[in-house]
Amino acid sequence: MATISNKELEAKLRELHAKAEEEESDWADQGRKLFELEDKFLRDTLLEGNILMGWGEPRTAPVRFRNAGVRKRKRERQEAAAERTGKPLGPSTPTLSAEEQLKVDRHRLASYSSIQSPAEPLHATLEERERKLVENRNKKKKTTAK
């Protein structure tokens, strides 16, 4: 039986640690990509609806999300033009209100499936943000009722 020296064992151990760190880095990168794709999908389909949220009534959507199909095609044309010219394009998704962002966060499925996901802090504060939103809505109703 061949014996392995301490130096060889240490070299193998370092190699395994390096490989494990690389794998962890890859997992974190894949989780970030998944989070970004899911975020873009949920924001882009906020008005029309999707399989996760269901398909709602477009007339109840905020004004800035009406005609979302037209806006999406315009954004795609702008992105294609920016890509051809090599100029960076600003953020493609509109800024969401707290209620709209909560709706997006509530319907995340894939990015909540990993504890290393960038969405994990959002998931941890989801109930607290929902409670604050309801409290703010109730305060507004009370002040308008007076």
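Positions in the sequence shown are counted from 1; adding 458 to them yields the numbering used here. The beta carbon of each residue, even a glycine, is placed where N, CA and C say it ideally should be.
Asked: CB His-565 to CB Leu-510, shorter than 8 Å?; Found: yes
Asked: So, Glu-496 versus Ser-569, is the Cβ gap smaller than 8 Å?; Found: yes
Asked: In this structure, does DSSP put Gly-512 in helix, strand or coil?; Found: strand
Asked: First and last residue of the alpha helix (DSSP H) that includes Ser-483?; Found: 464-502
Asked: What first and last residue would you give for the alpha helix (DSSP H) that runs through Arg-589?; Found: 584-603
Asked: What's the call for Gly-512, buried or exposed, on a 16-neighbour Cβ count within 10 Å?; Found: exposed
Asked: Check whether the stretch 536-544 and the stretch 593-602 are in contact - that is, three or more C-beta pairs closer than 8 Å.; Found: no
Asked: Which residues in the same chain as Ala-556 place their Cβ atom closer than 7 Å to its Cβ, once the five residues preceding and following it in sequence are excluded?; Found: Leu-591
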